[in-house]
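Counting from 1, one number per residue, gives the positions in the sequence shown under the UniProt record's numbering. Here the structure is laid out as structure tokens; the discussion comes afterwards.
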Amino acid sequence: MRKDTECQEFVKRVIMSHLFKIIMISTVSLNAFFMVLWTDYKTRYKLFRLFEVSRQNGSIFFCFPCFISENVIRFSGHHLFSITIHLYLDSSPPSLAALPSPGAPVLQTLITAVGQTVYTVASVIILLFVLMYIFAILGFYLFGVPDGGDMNNWGNLAVAFFTLFSLATVDGWTDLQHQLDARNFTLSRTFTIVFILLASFIFLSMFVGVMIIHTEDSIKKFERELMVERHMTLMEEKQVILKRQQEEVSRLMQRRKNVDYKSFSELVENFKKTLRHTDPMVLDDFGTSLPFIDVYLTTLDNQDTTICKLQELYYEIVHVLNLMLEDLPQKKQSHSSENVDEK
Numbered sequence: 001m002r003k004d005t006e007c008q009e010f011v012k013r014v015i016m017s018h019l020f021k022i023i024m025i026s027t028v029s030l031n032a033f034f035m036v037l038w039t040d041y042k043t044r045y046k047l048f049r050l051f052e053v054s055r056q057n058g059s060i061f062f063c064f065p066c067f068i069s070e071n072v073i074r075f076s077g078h079h080l081f082s083i084t085i086h087l088y089l090d091s092s093p094p095s096l097a098a099l100p101s102p103g104a105p106v107l108q109t110l111i112t113a114v115g116q117t118v119y120t121v122a123s124v125i126i127l128l129f130v131l132m133y134i135f136a137i138l139g140f141y142l143f144g145v146p147d148g149g150d151m152n153n154w155g156n157l158a159v160a161f162f163t164l165f166s167l168a169t170v171d172g173w174t175d176l177q178h179q180l181d182a183r184n185f186t187l188s189r190t191f192t193i194v195f196i197l198l199a200s201f202i203f204l205s206m207f208v209g210v211m212i213i214h215t216e217d218s219i220k221k222f223e224r225e226l227m228v229e230r231h232m233t234l235m236e237e238k239q240v241i242l243k244r245q246q247e248e249v250s251r252l253m254q255r256r257k258n259v260d261y262k263s264f265s266e267l268v269e270n271f272k273k274t275l276r277h278t279d280p281m282v283l284d285d286f287g288t289s290l291p292f293i294d295v296y297l298t299t300l301d302n303q304d305t306t307i308c309k310l311q312e313l314y315y316e317i318v319h320v321l322n323l324m325l326e327d328l329p330q331k332k333q334s335h336s337s338e339n340v341d342e343k
């Protein structure tokens with residue numbers, strides 16, 4: 001058993017930090033840039049030592065996780081993959097130098113998604129191979145006849161497979177069709193259209209769809225695990241706070257046993273002296289929850305809006321009453337003048 005627990009915690013904090021992830025991604029990008037420079041012989045000859053140092057940077061990301069475990073060194077599939085690459089790295093091309101580096105959770109999620117699609121993708125590829133085999137036989141017997149046939153593209157099964165691969169990728173299929181049309185094959189267009197629809201629009205689209213679906217599922221799973229991890233961290237912090245408060249209460253009760261108070265109010269006053277404004281508190285009351293505060297603030301905003309509308313209504317009422325008061329003396333004066341005229 002290792003006793004370097006402080007070193008383990010320090011390395012764990014370093015690995016989980018945001019700065020370490022930035023350095024890791026930067027190292028992967030730098031290895032990719034060096035891989036491009038490696039293709040030039042003059043640059044590789046001048047910067048040979050720099051390239052060799054950059055190829056060994058991935059060892060840092062492999063060695064750090066070995067100090068995290070408390071009792072034994074535990075390796076995940078990613079670590080075993082890193083060991084294999086590092087053992088082969090001395091005799092491998094520089095392009096493999098970036099492979100041990102993807103230790104970030106997001107990159108591991110993408111690698112896991114690609115690994116989960118192996119069986120499904122293999123099934124799609126097998127179905128595509130069976131389809132190409134059937135159409136290769138049909139193309140060989142329809143268009144690969146010795147008399148007037150297209151021997152360059154359909155002369156045997158191997159050539160027919162390469163031709164069907166060009167049709168599946170829709171690469172130069174018009175030239176192939178022109179050659180068949182020049183030899184007046186009546187079923188050539190139907191053959192080409194049906195194969196392109198099946199191979200390119202169905203099987204290749206199915207292949208892309210499978211990759212997208214598995215990648216999306218892996219990303220959603222990673223997000224759920226991240227939310228659970230954050231929730232567990234929050235619960236651990238709450239437990240620490242509650243434990244601290246329980247220790248404070250226990251210490252206070254122990255002090256109560258040692259010191260006799262004259263009354264309960266004296267005990268409360270003494271307890272108030274031990275409280276500080278910076279003490280954290282865990283509140284589970286509904287009135288202190290964030291949803292309640294949000295609803296309460298929205299209600300206050302609505303009340304303010306209602307009061308403003310009522311004030312505007314009161315101003316209008318006062319204005320109307322003022323106009324009525326201004327018109328009232330004129331009506332009285334006209335009424336008195338009419339009475340004088342009648343007399």
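Built from N, CA and C at the ideal position, the CB exists for glycine as well. Remember, it's a predicted structure, so these values are computed and weren't measured experimentally.
Buried or exposed (CB count within 10 angstroms, at least 16 for buried), residue i
i: Asn153; result: buried
i: Thr174; result: exposed
i: Phe143; result: buried
i: His214; result: buried
i: Val228; result: exposed
i: Leu176; result: buried
Own chain partners of residue i with C-beta closer than 6 Å, once the 5 adjacent residues on each side are dropped
i: Thr163; result: Asn153
i: Ser166; result: Gly172
i: Ser188; result: Leu180
i: Arg276; result: none
Alpha carbon of residue i to alpha carbon of residue j, nearest angstrom
i: Ile22; j: Thr112; result: 21 Å
i: Val170; j: Ile196; result: 7 Å
i: Thr43; j: Leu30; result: 15 Å
i: Thr186; j: Ser200; result: 23 Å
i: Gln254; j: Glu269; result: 17 Å
i: Glu237; j: His231; result: 10 Å
i: Ile307; j: Val249; result: 47 Å
Three-state secondary structure assigned by DSSP to residue i
i: Trp38; result: coil
i: Gly155; result: coil
i: Phe143; result: helix
i: Ser166; result: helix
i: Thr233; result: helix
i: Ser289; result: coil
i: Arg251; result: helix
i: Phe185; result: coil
i: Arg13; result: helix
The alpha helix (DSSP H) enclosing residue i, as first and last residue numbers
i: Ile202; result: Unbroken run through Ile202: none, as it is neither H nor E.
i: Asp181; result: Trp173 to Ala182
i: Thr192; result: Ser188 to Ile196
Same chain, Cβ closer than 7 Å to residue i, five either side skipped, listed in chain order
i: Tyr41; result: none
Other residues of its chain near residue i: CB distance less than 8 Å, five sequence neighbours each side excluded
i: Leu37; result: Thr43, Arg44, Leu47 and Phe51
CB contact check: residue i to chain B, cutoff 8 Å
i: His319; result: Judged by its chain identifiers, the structure shown contains no chain B, having just a single protein chain.
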